[in-house]
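Number of protein chains: 2
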Amino acid sequence: MDAELPVAARVRAIAPFHVMEVQTAARALEAQGRTVVHMEIGEPDFPTPEPVLEAARATLARGDIYYTSALGLPELRVAIARHYAAALGAAIDPERVIVTAGSSAALLLVMALIVDRGREILLADPGYPCNRHFVRVFEGEPVGIAVGAASSYQLTADAVERHWRAATSGVLVASPSNPTGTTVPRDEMARIAATVRARRGHLIVDEIYLGLTYGERPASVLASIDDAFVVSSFSKYFNMTGWRLGWIVAPQRYVRDLEKLAQNLFISPPTLSQRAALACFEPATLALVESRRRAFEARRDLLVPALRSLGFGVPVLPDGGFFVYADSSRFSDDSEAFCRAMLEGAGVAATPGVDFGVHRAREHVRFAYTIDEEKLEDGVERLARFLAR
Amino acid sequence: MDAELPVAARVRAIAPFHVMEVQTAARALEAQGRTVVHMEIGEPDFPTPEPVLEAARATLARGDIYYTSALGLPELRVAIARHYAAALGAAIDPERVIVTAGSSAALLLVMALIVDRGREILLADPGYPCNRHFVRVFEGEPVGIAVGAASSYQLTADAVERHWRAATSGVLVASPSNPTGTTVPRDEMARIAATVRARRGHLIVDEIYLGLTYGERPASVLASIDDAFVVSSFSKYFNMTGWRLGWIVAPQRYVRDLEKLAQNLFISPPTLSQRAALACFEPATLALVESRRRAFEARRDLLVPALRSLGFGVPVLPDGGFFVYADSSRFSDDSEAFCRAMLEGAGVAATPGVDFGVHRAREHVRFAYTIDEEKLEDGVERLARFLAR
Numbered sequence: 000m001d002a003e004l005p006v007a008a009r010v011r012a013i014a015p016f017h018v019m020e021v022q023t024a025a026r027a028l029e030a031q032g033r034t035v036v037h038m039e040i041g042e043p044d045f046p047t048p049e050p051v052l053e054a055a056r057a058t059l060a061r062g063d064i065y066y067t068s069a070l071g072l073p074e075l076r077v078a079i080a081r082h083y084a085a086a087l088g089a090a091i092d093p094e095r096v097i098v099t100a101g102s103s104a105a106l107l108l109v110m111a112l113i114v115d116r117g118r119e120i121l122l123a124d125p126g127y128p129c130n131r132h133f134v135r136v137f138e139g140e141p142v143g144i145a146v147g148a149a150s151s152y153q154l155t156a157d158a159v160e161r162h163w164r165a166a167t168s169g170v171l172v173a174s175p176s177n178p179t180g181t182t183v184p185r186d187e188m189a190r191i192a193a194t195v196r197a198r199r200g201h202l203i204v205d206e207i208y209l210g211l212t213y214g215e216r217p218a219s220v221l222a223s224i225d226d227a228f229v230v231s232s233f234s235k236y237f238n239m240t241g242w243r244l245g246w247i248v249a250p251q252r253y254v255r256d257l258e259k260l261a262q263n264l265f266i267s268p269p270t271l272s273q274r275a276a277l278a279c280f281e282p283a284t285l286a287l288v289e290s291r292r293r294a295f296e297a298r299r300d301l302l303v304p305a306l307r308s309l310g311f312g313v314p315v316l317p318d319g320g321f322f323v324y325a326d327s328s329r330f331s332d333d334s335e336a337f338c339r340a341m342l343e344g345a346g347v348a349a350t351p352g353v354d355f356g357v358h359r360a361r362e363h364v365r366f367a368y369t370i371d372e373e374k375l376e377d378g379v380e381r382l383a384r385f386l387a388r
Numbered sequence: 000m001d002a003e004l005p006v007a008a009r010v011r012a013i014a015p016f017h018v019m020e021v022q023t024a025a026r027a028l029e030a031q032g033r034t035v036v037h038m039e040i041g042e043p044d045f046p047t048p049e050p051v052l053e054a055a056r057a058t059l060a061r062g063d064i065y066y067t068s069a070l071g072l073p074e075l076r077v078a079i080a081r082h083y084a085a086a087l088g089a090a091i092d093p094e095r096v097i098v099t100a101g102s103s104a105a106l107l108l109v110m111a112l113i114v115d116r117g118r119e120i121l122l123a124d125p126g127y128p129c130n131r132h133f134v135r136v137f138e139g140e141p142v143g144i145a146v147g148a149a150s151s152y153q154l155t156a157d158a159v160e161r162h163w164r165a166a167t168s169g170v171l172v173a174s175p176s177n178p179t180g181t182t183v184p185r186d187e188m189a190r191i192a193a194t195v196r197a198r199r200g201h202l203i204v205d206e207i208y209l210g211l212t213y214g215e216r217p218a219s220v221l222a223s224i225d226d227a228f229v230v231s232s233f234s235k236y237f238n239m240t241g242w243r244l245g246w247i248v249a250p251q252r253y254v255r256d257l258e259k260l261a262q263n264l265f266i267s268p269p270t271l272s273q274r275a276a277l278a279c280f281e282p283a284t285l286a287l288v289e290s291r292r293r294a295f296e297a298r299r300d301l302l303v304p305a306l307r308s309l310g311f312g313v314p315v316l317p318d319g320g321f322f323v324y325a326d327s328s329r330f331s332d333d334s335e336a337f338c339r340a341m342l343e344g345a346g347v348a349a350t351p352g353v354d355f356g357v358h359r360a361r362e363h364v365r366f367a368y369t370i371d372e373e374k375l376e377d378g379v380e381r382l383a384r385f386l387a388r
């Protein structure tokens, strides 16, 4: 066997998901007969809604599962645009909607479009790790801005202004955020957009968790801003993770370039998933996913006070998604070791902060409430016993 | 509306598919009531095999369509590895198989792994346009090597040697090739591999059309070479284009890095497609796709002599895939204009050479035999009348 040949420098800059190591360790424990409460998993536990499965069955019966347009099925683009008007407070032209193979492909396309060699993109730290990696694979420089409780773990216009340099090309904001579950207030988002616009930069808004908003009705950034790239997904709110389907809403003038990139990098999004997703916007599906959203909210309302009473710091109530980013510094200054100890000692799996950046990452743990209330209560009881030792 | 902001330099370097313009023009003619013989389309006309549809139905009945491992379902990786032993002459470890969202994702991952800023990858011109674009999006330099009938429109070890420079990182060979349908002989492939190995470069072999080989039984490059990256697909041989599923067979030592990239760039390949694809390797499916392969061969044997008798140059009989790359220089020195004229005058859609590179691109047209023999005969008759005018 030859010695390893050189690979691209970017490969060293990209970290694997630590959550996968947690999952592997958790499964090893389960294989030994232990039970584990899974609070590490970043996908809804709810199965695909029945009307979506039914639409998939109807597509299989026709059997015509060929390539679609690189931009996606026209009728799905229309349906997504209508959903913005009906549920997310924004009127958008279907021509601006680009259907993608998950929000992964959406982020990949947007970054391929705007990230030039050596140019910088500003992002929140902590944040979803793939976001910075998408910048890096296209030879850009992701610049993490430390965010904390004072700004609800989100970027502010002021922070963007302070970190903007000649090399900066744009800003990515995730609202609600993974891992923090927090949202950028509408007026702050408008200030961020104005700041980015004044510097002739690009604004990308990750709204993957927007459907899962608690309290106020969700509103897309597109309700008031039309020059942002919005990235979204069928995975979380519509419980369609394995179907790999998402979308971009782009400013009209970039659609042709995004189409060209999508043709070359993906050919087209998965056809069966696209036809099935048309059923997402039927009243029965919307009623179902709304009831599931309320279930997530009830879980949050169980988990957050419980974590606080155990001694975790949760200074800002998460108002979206299904994560709690908990300050674990009272228990450990090494949250990776703490996660291993929780798993071994309590049979509770959670994700160490290191998956989400460097800023106070060793003092935080992400708990996902993608399990039912009974399991969540079991997890909390296990943690109580473990931490009382 | 603001003026357009700068996009990444790579965007200018990436061409849209000209075939899409042909298709759009063809559909416009059809909307006017004209009939069009479609010889521009790069996907099989055969629908998804019934056992694959049945496996998809069974998966829908279970309803558990969650993320899979980023490397793909373990049982599918095993099934693919077994297929290499049973049908493609190669014994490979399932651990080397990485399931991807189409061969698009496979090529994207391999290029993300090996293409460093400013480094060169050698490819045949003409060749599949996305291949050079994948190199470019990762800030590498695709170097097209002009190939012609003398080398069956394929790279040779000699050509690779002549074009290798200090900046060269590797070579991509597509066998059978899109657009030429020609194959690299096994001994020449061994020489190419030895040449690349001696220069400590990477060899990538696109075997997307390998199942559609006519004459000899297909053999993977992996039968004799274990240090190549092989990219393949369920789209063509298994008639599963819209399912977006393919795979990489990588040298073992790169699997961990590819997994890390796949986690971050894709999360996982589409789950339903993966479960459905397990049925590809059942005897009933293999018998069906083999009968379809023979149908493609019969079409080739109809089309190639007909094109030759019309005056097109087809100096090398294509022995794989479903394309004929025909020299149209007897009729025009501008194959884009010629394709427009064929569409307008004969109602025959074909793809101009410009989609596949620059070397004699204006003197070539790609005809796809992804339509049945009756339609092919109609197309040939239309061309005969058109060219006799």
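In the order they appear, the protein sequences are chains V and R. 0 is the number of the first residue of the first sequence in numbering that gives the first Met the number 0; add one for each residue after it. 0 is the number of the first residue of the second sequence in numbering that gives the first Met the number 0; add one for each residue after it. C-beta: ideal position from N, C-alpha, C; glycine also.
Among the options, which one has its Cα closest to the Cα of residue i?
i: G32(V); options: V364(V), E49(V), A24(V); result: A24(V)
i: G241(V); options: L271(R), L221(R), N238(R); result: L271(R)
i: A345(R); options: E289(R), L382(R), A367(R); result: L382(R)
i: L70(R); options: E20(R), V347(R), E258(R), Q251(R); result: E258(R)
i: V229(V); options: F16(V), V303(V), L28(V), V96(V); result: V96(V)
i: L211(V); options: F233(V), I224(V), H201(V), L221(V); result: F233(V)
i: W163(R); options: S174(R), M19(R), P128(R), H201(R); result: H201(R)
i: P15(R); options: R255(V), Q273(V), G378(V), A173(V); result: R255(V)
i: A367(V); options: E380(V), A348(V), E373(V); result: A348(V)
i: A340(V); options: I13(V), E376(V), L28(V), K374(V); result: L28(V)
i: R249(R); options: G378(R), T350(R), P93(R); result: In the sequence as displayed, the identity of residue 249(R) is Ala instead of Arg. It is P93(R) whose Cα lies nearest to the Cα of A249(R).
i: E49(R); options: E372(R), I64(R), F280(R); result: F280(R)
i: G352(V); options: L72(V), R161(V), N177(V); result: N177(V)
i: D124(R); options: A8(R), V172(R), D318(R); result: V172(R)
i: T350(V); options: L209(V), I91(V), E74(V), E20(V); result: E20(V)
i: Y236(R); options: M188(R), D333(R), T369(R), A189(R); result: T369(R)
Is DSSP giving residue i helix, strand or coil here?
i: R365(R); result: strand
i: Y66(V); result: coil
i: T167(R); result: strand
i: R185(R); result: helix
i: A100(V); result: coil
i: G117(R); result: coil
i: Y152(V); result: coil
i: F385(R); result: helix
i: G378(R); result: helix
i: F280(R); result: helix
i: E372(V); result: helix
i: F137(R); result: coil
i: A286(V); result: helix
i: I13(V); result: coil
i: V6(R); result: coil
i: M19(V); result: helix
Bridge partners of residue i, per DSSP?
i: A123(V); result: I144(V)
i: H201(V); result: G169(V)
i: H37(V); result: A348(V)
i: Y324(R); result: R365(R)
i: G312(R); result: D326(R)
i: G319(R); result: T212(R)
Worksheet entry | Segment contact, 8 Å Cβ cut-off, at least three pairs: the segment 357-373 of chain V with the segment 320-340 of chain V | With the rule of 3 Cβ pairs closer than 8 Å, the segment 357-373 of chain V counts as touching the segment 320-340 of chain V.
TODO: Give a yes or no on contact between the segment 188-195 of chain V and the segment 149-166 of chain V, applying the rule of three or more CB pairs nearer than 8 Å.
DONE: With the rule of 3 Cβ pairs closer than 8 Å, the segment 188-195 of chain V counts as touching the segment 149-166 of chain V.
Ordered list of alpha helix (DSSP H) runs contained in the segment 327-368 of chain R, each at least 4 residues: Whole alpha helix (DSSP H) segments, 4+ residues: 334-345.
- Item | Whole alpha helix (DSSP H) elements within the segment 204-276 of chain V, 4-residue minimum | Segments of the alpha helix (DSSP H) lying fully in the segment 204-276 of chain V: 254-265, 270-276.
- Item | Touching by the beta-carbon criterion (3+ pairs, under 8 Å), the segment 130-149 of chain V and the segment 300-311 of chain V | The way I'd put it, the segment 130-149 of chain V doesn't touch the segment 300-311 of chain V; fewer than three beta-carbon pairs between them come closer than 8 Å.
| said: Contact between the segment 98-112 of chain R and the segment 264-283 of chain R is defined here as three or more beta-carbon pairs at a separation below 8 Å; is this criterion met? | reply: By the Cβ criterion, the segment 98-112 of chain R is in contact with the segment 264-283 of chain R, since at least three pairs of Cβ atoms, one from each stretch, lie closer than 8 Å.
Segment contact flag, the segment 298-306 of chain R with the segment 84-101 of chain R, C-beta cutoff 8 Å, min 3 pairs | No, the segment 298-306 of chain R does not touch the segment 84-101 of chain R.
Tell me, please, whether the segment 47-59 of chain R touches the segment 48-56 of chain V by the rule of three or more beta-carbon pairs shorter than 8 Å. Taking 8 Å as the limit for Cβ pairs, the verdict is that the segment 48-56 of chain V does touch the segment 47-59 of chain R.
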